[in-house]
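Asks: One structure follows; several queries about it will come next.
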Amino acid sequence: MTVIENDIQPDDLKKIKRLRELVKDDISDYYNTDFNILRWLQGHNTLPLEEIARKMKFHLNLRAAWSLDELHKKERNHPIHKHWKYGITGPSGHLDNCIVNIEQCGKTDYTGMMETYSILEVMRARMVDLEQMLYRVMEIEAKTGKQAWILYVMDITGLQYNKKLYDLVTGSMKSLADFMADHYVEMIKVRLIGETNWRDDVLQYAVHSSLPTIWNNDNHTFGGFIELPLSYPTDGYYSAKNHSIVKNAQTINVTYGKIHVVTKFIKQGGKLKWWVRGNRNFGFGVFYSDEEQVSDFFIAKQVTPCFPWMPGPTLVPMEDEVIVKKDAYYHVWVSNEKSWWRTLEVQLLVESE
8 MTVIENDIQP
18 DDLKKIKRLR
28 ELVKDDISDY
38 YNTDFNILRW
48 LQGHNTLPLE
58 EIARKMKFHL
68 NLRAAWSLDE
78 LHKKERNHPI
88 HKHWKYGITG
98 PSGHLDNCIV
108 NIEQCGKTDY
118 TGMMETYSIL
128 EVMRARMVDL
138 EQMLYRVMEI
148 EAKTGKQAWI
158 LYVMDITGLQ
168 YNKKLYDLVT
178 GSMKSLADFM
188 ADHYVEMIKV
198 RLIGETNWRD
208 DVLQYAVHSS
218 LPTIWNNDNH
228 TFGGFIELPL
238 SYPTDGYYSA
248 KNHSIVKNAQ
258 TINVTYGKIH
268 VVTKFIKQGG
278 KLKWWVRGNR
288 NFGFGVFYSD
298 EEQVSDFFIA
308 KQVTPCFPWM
318 PGPTLVPMED
328 EVIVKKDAYY
338 HVWVSNEKSW
348 WRTLEVQLLV
358 ESE
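Pasting the structure below:
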């Protein structure tokens with residue numbers, strides 16, 4: 008097998024070695040590449056190495072919780088995938104080691120998505136695409152020995168500028184963007200182009216074959232293929248359905264700057280179920296530990312992805328259940344730590360079997 012030497016600078020290689028040592032108990036063989044670790048150093052270059060390791064462990068715990076190393080092999084068969092389409096079209100051709108991804112911002116029904124599915128379910132579907140992007144990047148790096156990126160092209164054709172867009176940008180989509188930035192550090196390359204001659208301008212960054220045919224006009228013929236997304240039927244919105252009050256759900260007030268945690272000891276093979284919604288922005292996560300007390304939930308082992316911040320009021324409650332893999336203490340974490348003065352009210356149900 009041919010081994011390709013990478014072009015990482017000696018000083019960066021030393022930092023990579025030190026950071027790898029700090030996360031050695033959490034990092035998998037699949038993810039443990041020099042370039043994956045380098046991205047964390049680049050994205051947090053003003054922080055001490057110990058703090059970068061803490062942020063990286065937050066991501067590595069997510070990778071373990073949702074088996075992300077295997078996700079790039081999975082088919083796009085979640086119902087959301089019909090409405091949020093695959094965007095990778097091919098290599099840039101102009102930018103070294105760069106893969107083009109087209110995000111159909113103006114055609115994707117983000118409002119319908121957030122009215123139909125919880126943020127947790129949206130991320131369950133989106134992680135497939137993110138892991139496929141990471142896989143493509145890692146594949147190029149292994150072949151060339153040079154760092155690779157995703158050129159993320161946001162097509163805003165058809166975007167309507169109204170209050171719904173404002174609510175999306177400052178609410179649910181911001182939460183998803185924060186989540187991507189927290190977990191996929193320095194993977195996406197951004198380029199800005201003008202409004203008037205954008206079809207010509209974008210050719211500075213990608214060849215015709217990697218740009219979508221839906222952009223074709225009398226003067227431009229592109230060859231990349233992407234499917235058009237479907238809109239969501241309004242009768243499928245959570246608010247359009249008759250939902251009975253969840254039995255035994257408790258109303259809990261969480262003071263500003265505080266957290267509320269429900270802890271249960273569950274044996275291997277047992278079931279943990281939860282349902283939650285809030286009247287304003289809040290954080291949510293489910294963790295496990297060998298000890299009953301957890302000193303730092305940010306680096307605790309995750310059962311499901313932790314969202315340090317989500318918009319409220321909750322449009323679609325988050326609910327899920329898991330079969331636990333080991334005897335442990337399981338913690339359902341609700342956070343109002345980012346609030347300076349407002350009390351959070353949540354309806355919460357946590358059950359174990």
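Residue numbers (the numbering used here): 8 to 360. Glycine included, each C-beta is placed from N, C-alpha and C at the ideal position.
#1: Whole angstroms are fine: how far does the CA of Leu175 sit from the CA of Tyr117?
#2: At a cut of 8 Å, does the stretch 46-57 reach the stretch 91-98 through at least three beta carbon pairs?
#3: Pull up the CB-CB distance for Leu355 and Ala256, whole angstroms please, since I reckon it's below 8 Å.
#4: Counting beta carbon pairs with one atom in the stretch 11-29 and one in the stretch 126-139, are three or more of them shorter than 8 Å?
#5: Mark Arg349 as exposed unless 16 or more other C-beta atoms lie within 10 angstroms of its C-beta, in which case mark it buried.
#6: Assuming Leu172 and Arg198 are in contact, meaning their beta carbons sit under 8 Å apart, how far apart are those beta carbons, in whole angstroms?
#7: Tyr245 and Glu122 look like a contact to me (Cβ under 8 Å); what is the Cβ gap, rounded to whole Å?
#8: Indicate the three-state DSSP secondary structure (helix, strand or coil) for His190 in the structure shown.
#9: How many angstroms separate the CA atom of Asn226 from the CA atom of Thr241?
#10: Taking buried to mean at least 16 other C-beta atoms within 10 Å of its own C-beta, is Leu351 buried or exposed?
#11: What are the boundary residues of the beta strand (DSSP E) that Gly50 is part of?
#12: Do Phe289 and Asp334 have their C-beta atoms within less than 9 Å of each other?
#13: Is Arg284 helix, strand or coil when you go by DSSP?
#14: Tell me whether the beta-carbon of Gln139 lies closer than 9 Å to the beta-carbon of Ile87.
#15: Can you confirm whether the stretch 297-311 touches the stretch 64-77 when touching is taken to mean that 3 or more C-beta pairs between the two stretches lie within less than 8 Å?
#16: List, from N- to C-terminal side, the beta strand (DSSP E) runs of 3 residues or more that fit wholly inside the stretch 145-185.
#17: Please return the same chain residues whose Cβ sits closer than 7 Å to the Cβ of Gly113, not counting the five positions on each side in sequence.
#18: Which of the three DSSP states, helix, strand or coil, is assigned to Ser35?
#19: Would you kindly report the start and end of the unbroken beta strand (DSSP E) that includes Ile23?
#20: Identify the continuous beta strand (DSSP E) that holds Asp327 and give its terminal residues.
#21: Pair every Cβ in the stretch 336-350 with every Cβ in the stretch 289-299, then say whether three or more of these pairs are closer than 8 Å.
#22: Given this structure, state the Cα-to-Cα distance separating Asn13 from Tyr212, to the nearest angstrom.
#23: What does DSSP give as the partner residues of Gly277 in its beta bridges?
#24: Out of curiosity, what's the CA-to-CA distance linking Ile106 and Arg25?
#25: Using only the alpha-carbon positions, how far apart do Thr151 and Glu358 sit?
#26: Residues bridged to Glu4 by DSSP?
Replies: Reading from the atomic positions:
#1: Here the question's residue 117 lines up with position 110 in the sequence shown. Here the question's residue 175 lines up with position 168 in the sequence shown. Approximately 8 Å between the Cα atoms of the pair.
#2: Short answer: they don't touch.
#3: For the purposes of this step, residue 355 is taken as the residue at position 348 of the sequence shown. For the purposes of this step, residue 256 is taken as the residue at position 249 of the sequence shown. Correct: roughly 6 Å between the Cβ atoms.
#4: no
#5: What you label residue 349 is simply residue 342 of the sequence shown in a count that begins at 1. Under this definition Arg349 is an exposed residue.
#6: Against the sequence shown, residue 172 aligns to sequence position 165. Against the sequence shown, residue 198 aligns to sequence position 191. The pair is not a contact, with the Cβ atoms about 22 Å apart (cut-off 8 Å).
#7: Taking the sequence shown and counting its residues from 1, one reaches residue 245 at position 238. Taking the sequence shown and counting its residues from 1, one reaches residue 122 at position 115. Right, the Cβ-Cβ distance comes to about 6 Å (below 8 Å), so this counts as a contact.
#8: Stepping through the sequence shown from its first residue, residue 190 is reached at position 183. It is helical.
#9: Here the question's residue 226 lines up with position 219 in the sequence shown. Here the question's residue 241 lines up with position 234 in the sequence shown. If you take the alpha carbons of Asn226 and Thr241, they lie about 38 Å apart.
#10: Residue mapping note: residue 351 aligns to position 344 of the sequence shown, counting from 1. Flag for Leu351 reads buried.
#11: Taking the first residue of the sequence shown as position 1, residue 50 is located at position 43. Taken as a continuous stretch (DSSP letters only), Gly50 belongs to no beta strand (DSSP E), being part of the alpha helix (DSSP H) at Asp41 to Gly50.
#12: As a first step, residue 289 must be located in the sequence shown, where it is residue number 282. As a first step, residue 334 must be located in the sequence shown, where it is residue number 327. No, the pair does not count as a contact, with Cβ atoms beyond the cut-off.
#13: One-based indexing of the sequence shown puts residue 284 at position 277. DSSP places Arg284 in strand when its eight states are reduced to three.
#14: As a working mapping, residue 139 is identified with position 132 in the sequence shown. As a working mapping, residue 87 is identified with position 80 in the sequence shown. Cβ distance not < 9 Å, so Gln139 and Ile87 don't count as in contact.
#15: Result yes; three or more Cβ-Cβ pairs closer than 8 Å.
#16: 156-161
#17: Taking the sequence shown and counting its residues from 1, one reaches residue 113 at position 106. Asp162, Ile163, Thr164, Gly165 and Leu166, listed in sequence order.
#18: Residue 35 sits at position 28 when you count from the first residue of the sequence shown. Coil at Ser35, not helix or strand.
#19: If you number the sequence shown from 1, residue 23 lands on position 16. Per DSSP, Ile23 belongs to no beta strand (DSSP E); it is in the alpha helix (DSSP H), Pro17 to Leu29.
#20: What you label residue 327 is simply residue 320 of the sequence shown in a count that begins at 1. First-last of the beta strand (DSSP E) with Asp327: Met325 to Ile330.
#21: yes
#22: Locating residue 13 in the sequence shown gives position 6, where the first residue counts as 1. Locating residue 212 in the sequence shown gives position 205, where the first residue counts as 1. Taking the straight line joining both Cα atoms gives about 24 Å.
#23: As a position in the sequence shown, residue 277 is number 270, starting the count at 1. Under DSSP, no beta-bridge partner is assigned to Gly277.
#24: Start at 1 with the first residue of the sequence shown, and residue 106 comes out as number 99. Start at 1 with the first residue of the sequence shown, and residue 25 comes out as number 18. So the alpha carbons of these two residues sit roughly 30 Å apart.
#25: If you number the sequence shown from 1, residue 151 lands on position 144. If you number the sequence shown from 1, residue 358 lands on position 351. Cα to Cα, Thr151 sits roughly 50 Å from Glu358.
#26: Missing from the structure shown is residue 4; the chain here goes from 8 to 360 and no further.
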